[in-house]
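From first to last, the protein sequence lines are chains A and B. This note's numbering runs 6 ahead of the 1-based position in the first sequence. This note's numbering runs 882 ahead of the 1-based position in the second sequence. Worksheet for the structure shown next.
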Amino acid sequence: MEKFKTLTAVAAPLPMINVDTDKVIPARFLKTIKRTGLGKHLFDPMRYDDKGAEKPGFVLNKAPYRDARILIAGENFGCGSSREHAPWALLDFGIRCVIAPSFADIFFNNCFKNGILPIVLPQETVDELMEDAGKGGNATFTVDLEAQEIARPDGEKIAFEVDPFRKHCLLNGLDDIGLTLERGGKIDGYEGTQRGGQPWLWSGATPA
Amino acid sequence: MSRPRTLFDKIWDSHVVDTQEDGTCLLYIDRHLVHEVTSPQAFEGLRTAGRPVRRPEATLAVPDHNVPTTDRSQGVDDEESRIQLDALETNCAEFGVPYIPVTDIRQGIVHIIGPEQGMTQPGMTIVCGDSHTSTHGAFGALAFGIGTSEVEHVLATQTLIQRPAKNMRIAVDGALPNGVTAKDMILAIIGKIGTAGGTGHVIEYAGEAVRALSMEGRMTMCNMSIEAGARAGLVAPDETTFAYIEGRPMAPKGGQWEQAVAYWRSLPSDEGAVYDKEVTLRAADIAPQVTWGTSPQDVLPITGSVPDPAAIADTVRRESVERSLEYMGLAAGMPLSEVPVDTVFIGSCTNGRIEDLRAAAVVAKGRKVAEGVQALIVPGSGLVKAQAEEEGLDTIFLEAGFEWREPGCSMCLAMNADKLKPGERSASTSNRNFEGRQGPGGRTHLVSPAMAAAAAINGHLTDVRDLTG
Ligand code: SF4
């Protein structure tokens, strides 16, 4: 996973609530066995017309936002399906940070596993950032994970919260699985206890 | 004496392998279900890192999302689907993961077959790379959906890095009126609390109306917990639960059965356990429900009318309703019972079980599907299909003009050939009415199986109570 330290970029405003992962990437694009190459399908139904041509009104089709690396959205972003294709599509497009008043749990979690920083801020703050973002190409934001601060285009700093363990993993680009395997002895110990106390969990697991 | 605990607290506490200083836990995972869409990248990750699957025997894989629901003897036409299906089979063989092939009678939707095989049991932690894993919570198991990176994590370590969720209790008091089902109950709940109402929480469903449900009904409710934003849903295990599990292929046997049941009886929430949020509904207030918009919270009783966005003060919400109505092609004020349908889909992990097909058959029996309506019945698994055929339900459906298909996810998410065309409208027993969920431009109204059958017969959304009296 790529490290996340600081990010300076244009932010694309997407003032919609309940953006579900079917909207981020519809099911017909999930027939892939790879993690890459999904950026072209990001927000497909909003981004392209029936013939596959770009809809000029959609934010990511407008010049400055083609290079957006930050997305600002409404509440409950990423609800619905658990598909990790949603963060993969964002990442493949270039988005490394999503800011919203709230996120759906699974999507929020999936972001951290892919080097994307989801930031929760109060609605009023998101509204202000959304307005900044609407100013286009000259309005760049800087997200500093170490300092837990976003610098607005006018230089004002906004603090944000992030879970310390997830922050640590993002800053260092750490692979969760590697970290967990280091605790293999504890897992062995747990399994031994469970096998003794709840033996039915250890027999007949496999179907005939 | 220790603090009274909820069902969720008990399952959580008994699965913590290790706790970090900041409260992040390493949680043990008892069972892992795998399907073709969210697993290929996880297996690829293992392969690249040279890691084995830690407990293949605690894992079960089945293809469901991409499989055709028509004749399968000729294989799968769609090349991308075939590659994904083949990848699952090859990966399972390579990593020793038990696999149910598409040709096996036990094949079906992953959340239908887990319970059916007796794999789903109270007190377990169960995960799957699929948000509707919440279905298994009906057994009093902590079951939740995960992303592909986490699928890889579970395959490699049999654990997940997690933080505890908050506790929410939703009680439905009293008995459900006639014609009102588990599906209507969960839709009414989502209508009340909203699609983010359960975010960060595990919802425990309680109250007389929930206790009175069969396991099928409880699964329908827990299934849609994710549509309420919750990480998982739970129903406390009881005699109904034990009776459902007993004798199934993967259920505990002999002395272990007694031992397991004794443990399961200790799981229900303690008297005085505290919940972070509590909501109560009266069953008597719930009527058959139908969604009108593009979010499951856009739901009303079938006796209602399409809402008027002009009456909404909040700008973002008003715009979101306007956008929904435009997408759905509906005018404010139109009675919901007059909305015509082109397609009816009865199936999915929400409502593809035997009880659902029986409820639809009661309505279909001796009637005919309205002209111009395509009505699909897609059983949730091969065993559900066989059971329905044994009961003669297939004949009832076929005589009424429904199509009788092979099991799979089908038109719930339109990854296979079963999809709506742009502008087409369906009454569907699935769980999501998102834009394009059942095919690009398709319009979905979520309903119960009986309501779906009624819509097929009348050619428009219908109060099933008008047909069944
Ligand atoms: S039936 Fe629908 S909701 Fe259920 S697992 Fe399949 S696609 Fe997901």
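Even for Gly, the Cβ is constructed at its ideal location relative to N, Cα and C.
Query raised in the report: With respect to 8 Å, is the separation between the Cβ of arginine 1362(B) and the closest non-hydrogen atom of the ligand SF4 below this value?
Result: Chain B is shown from 883 up to 1351; residue 1362(B) falls before or after that span and cannot be answered.
Query raised in the report: For the ligand SF4, is there a heavy atom less than 8 Å away from the beta-carbon of serine 87(A)?
Result: On the first sequence, residue 87(A) is found 81 positions in, with the first residue counted as 1. Correct: serine 87(A) has its Cβ closer than 8 Å to the ligand SF4.
Query - chain B contact for alanine 214(A) (CB, 9 Å cutoff) - result: Position 208 of the first sequence, counted from the first residue, corresponds to residue 214(A). Unreliable positioning characterises alanine 214(A) in this predicted model, as indicated by a pLDDT of 46, which lies under 50. The coordinate reading is nonetheless provided below. Yes, because at least one Cβ of chain B sits closer than 9 Å to the Cβ of alanine 214(A).
Report task. Please state if the CB of glutamine 1003(B) and the CB of proline 1134(B) are separated by a distance shorter than 9 Å. Result -> Here residue 1134(B) refers to the residue found at position 252 when the second sequence is read from its first residue. Here residue 1003(B) refers to the residue found at position 121 when the second sequence is read from its first residue. A contact, by the Cβ cut-off of 9 Å.
Query raised in the report: Is it true that the region 141-148 of chain A meets the region 8-18 of chain A, where meeting means three or more beta-carbon pairs spaced less than 8 Å apart?
Result: yes
Requested in this report: Please report how far the alpha carbon of alanine 1335(B) lies from the alpha carbon of serine 1031(B), in whole angstroms.
Outcome: Position 453 of the second sequence, counting from 1, holds the residue named residue 1335(B). Position 149 of the second sequence, counting from 1, holds the residue named residue 1031(B). The straight-line gap from Cα to Cα measures roughly 39 Å.
Query raised in the report: Can you name the residues of chain A whose CB is closer than 9 Å to the CB of threonine 1311(B)?
Result: Stepping through the second sequence from its first residue, residue 1311(B) is reached at position 429. Residues of chain A passing the Cβ test: none, with the nearest at roughly 18 Å.
Requested in this report: Report all residues from its chain with a CB closer than 8 Å to the CB of aspartate 1367(B); omit the five preceding and five following residues, and keep chain order.
Outcome: Residue 1367(B) is absent from the structure shown; chain B starts at 883 and stops at 1351.
Requested in this report: Report all residues from its chain with a CB closer than 8 Å to the CB of isoleucine 1043(B); omit the five preceding and five following residues, and keep chain order.
Outcome: For the purposes of this step, residue 1043(B) is taken as residue 161 along the second sequence, with counting starting at 1. So the qualifying residues of the chain are Thr906, Cys907, Leu908, Leu909, His1035.
Requested in this report: Closer than 7 Å by beta-carbon distance: list the chain A residues that pair up with phenylalanine 1361(B), in chain order.
Outcome: Given that chain B is displayed from residue 883 to residue 1351, the structure contains no residue 1361(B) and the question cannot be resolved.
Query - Interface residues of the region 196-210 of chain A facing chain B [CB-CB below 8 Å] - result: Tyr196, Glu197, Gln200, Gln204, Pro205, Trp206, Leu207, Ser209, Gly210
Query - DSSP state of threonine 888(B) mapped onto helix, strand, coil - result: Start at 1 with the first residue of the second sequence, and residue 888(B) comes out as number 6. Note: threonine 888(B) maps to coil in three-state DSSP.
Query - Bridge partner(s) assigned by DSSP for arginine 1051(B) - result: Start at 1 with the first residue of the second sequence, and residue 1051(B) comes out as number 169. Arginine 1051(B) is bridged to Glu1086(B), Glu1160(B).
Query raised in the report: Leaving out five residues before and five after alanine 1257(B) in sequence, what residues of the same chain have Cβ atoms less than 6 Å from its Cβ?
Result: Residue 1257(B) sits at position 375 when you count from the first residue of the second sequence. For alanine 1257(B), where only same-chain residues beyond five positions count, the Cβ hits under 6 Å are Val1226, Val1251, Phe1284, Ala1338.
Report task. Could you tell me whether any non-hydrogen atom of the ligand SF4 is closer than 8 Å to the CB of serine 1016(B)? Result -> For the purposes of this step, residue 1016(B) is taken as the residue at position 134 of the second sequence. Answer for serine 1016(B): no, Cβ out of range of the ligand SF4.
Report task. Please report how far the alpha carbon of asparagine 973(B) lies from the alpha carbon of phenylalanine 925(B), in whole angstroms. Result -> For the purposes of this step, residue 973(B) is taken as the residue at position 91 of the second sequence. For the purposes of this step, residue 925(B) is taken as the residue at position 43 of the second sequence. Whole-angstrom Cα-Cα distance: 7 Å.
Report task. Could you check if alanine 214(A) is buried or exposed, using at least 16 other CB atoms within 10 Å of its CB as the buried criterion? Result -> Against the first sequence, residue 214(A) aligns to sequence position 208. Bear in mind that a pLDDT of 46 at alanine 214(A), under 50, signals an unreliable position, so the model cannot answer this.
Query raised in the report: CA-CA distance, methionine 136(A) and asparagine 178(A)?
Result: Here the question's residue 136(A) lines up with position 130 in the first sequence. Here the question's residue 178(A) lines up with position 172 in the first sequence. Each residue's Cα considered, the two are about 29 Å apart.
Query raised in the report: Does the ligand SF4 have even one heavy atom less than 8 Å from the beta-carbon of threonine 27(A)?
Result: To locate residue 27(A), count along the first sequence from 1; it is residue 21. It does not: the Cβ of threonine 27(A) is nowhere closer than 8 Å to a heavy atom of the ligand SF4.
Query raised in the report: What residue ranges within the region 1069-1126 of chain B form continuous beta strand (DSSP E) runs of no fewer than 3 residues, ordered along the chain?
Result: 1083-1088, 1114-1116
Requested in this report: Following the continuous beta strand (DSSP E) through arginine 1205(B), name the residue where it begins and the one where it ends.
Outcome: The residue labelled residue 1205(B) in the question sits at position 323 within the second sequence. From DSSP, arginine 1205(B) is part of no beta strand (DSSP E) but of the alpha helix (DSSP H) over 1197-1210.
Report task. Verify the CB distance criterion: does valine 827(B) have a CB-CB separation below 9 Å to chain A? Result -> Missing from the structure shown is residue 827(B); chain B here goes from 883 to 1351 and no further.
**Report entry** chain A within 9 Å of arginine 929(B), Cβ atoms only
**Finding:** As a first step, residue 929(B) is located in the second sequence; it is residue number 47 there, counting from the start. With 9 Å as the cut-off, arginine 929(B) does not count as an interface residue toward chain A.
Query - Cβ-Cβ separation, valine 979(B) to isoleucine 911(B) (assumed contact under 8 Å), whole Å - result: Translated into the one-based positions of the second sequence, residue 911(B) becomes position 29. Translated into the one-based positions of the second sequence, residue 979(B) becomes position 97. Going by Cβ atoms, the distance from isoleucine 911(B) to valine 979(B) rounds to 14 Å, so no, they are not a contact pair.
Requested in this report: Specify the secondary structure class of alanine 214(A) as computed by DSSP and reduced to three states.
Outcome: Translated into the one-based positions of the first sequence, residue 214(A) becomes position 208. Because the pLDDT of alanine 214(A) is 46, which lies under 50, any placement of that residue in the model is unreliable, and the number read from its coordinates should be weighed accordingly. Coil.
Requested in this report: Using alpha carbons as the reference points, say which of Ile1127(B), Val1260(B), Asp1224(B) lies closest to aspartate 946(B).
Outcome: Within the second sequence, residue 946(B) is the residue found at index 64, counting from 1. Comparing Cα-Cα distances from aspartate 946(B) to each of Ile1127(B), Val1260(B), Asp1224(B), the minimum goes to Val1260(B).
Query raised in the report: List, in order along the chain, the chain A residues whose C-beta lies closer than 9 Å to that of histidine 1035(B)?
Result: The count along the second sequence starts at 1 and reaches residue 1035(B) at position 153. The answer, in chain order, is Lys119, Asp182, Ile183, Thr186.
Query raised in the report: So, using beta-carbon positions, are phenylalanine 1021(B) and threonine 1123(B) closer together than 9 Å?
Result: Taking the second sequence and counting its residues from 1, the one referred to as residue 1021(B) is at position 139. Taking the second sequence and counting its residues from 1, the one referred to as residue 1123(B) is at position 241. Yes, these two residues count as a Cβ contact at 9 Å.
Query raised in the report: Could you give the uninterrupted runs of the beta strand (DSSP E) lying entirely in the region 900-974 of chain B, keeping only those of 3 residues or more?
Result: 907-910, 913-916, 941-943
Requested in this report: Only counting runs of 4 or more residues, tell me where the alpha helix (DSSP H) segments fall wholly within the region 166-209 of chain A, in order along the chain.
Outcome: 170-178, 182-187, 190-203
Requested in this report: Please list the partners that phenylalanine 171(A) has in chain B, where partner means a Cβ-to-Cβ separation under 7 Å.
Outcome: The sequence position of residue 171(A) within the first sequence is 165, counting from 1. Result: Gln902, Asp904, Thr906.
Query raised in the report: How would you label asparagine 24(A), buried or exposed, when you count the other beta carbons within 10 angstroms and need 16 or more for buried?
Result: For the purposes of this step, residue 24(A) is taken as the residue at position 18 of the first sequence. It counts as buried.
**Report entry** heavy atom of the ligand SF4 below 8 Å from aspartate 1012(B) C-beta
**Finding:** Counted from its first residue, the second sequence places residue 1012(B) at position 130. Yes, since a heavy atom of the ligand SF4 falls inside the 8 Å radius drawn around the Cβ of aspartate 1012(B).
Query raised in the report: Between the C-alpha atoms of threonine 920(B) and arginine 1100(B), what's the straight-line distance to the nearest angstrom?
Result: Position 38 of the second sequence, counted from the first residue, corresponds to residue 920(B). Position 218 of the second sequence, counted from the first residue, corresponds to residue 1100(B). Rounded to the nearest angstrom, the two C-alpha atoms are 26 Å apart.
Query raised in the report: Name the chain B residues that come within less than 8 Å of asparagine 82(A), Cβ to Cβ?
Result: Here residue 82(A) refers to the residue found at position 76 when the first sequence is read from its first residue. What asparagine 82(A) touches in chain B: Thr1077, Ala1078, Thr1081, Gly1111.
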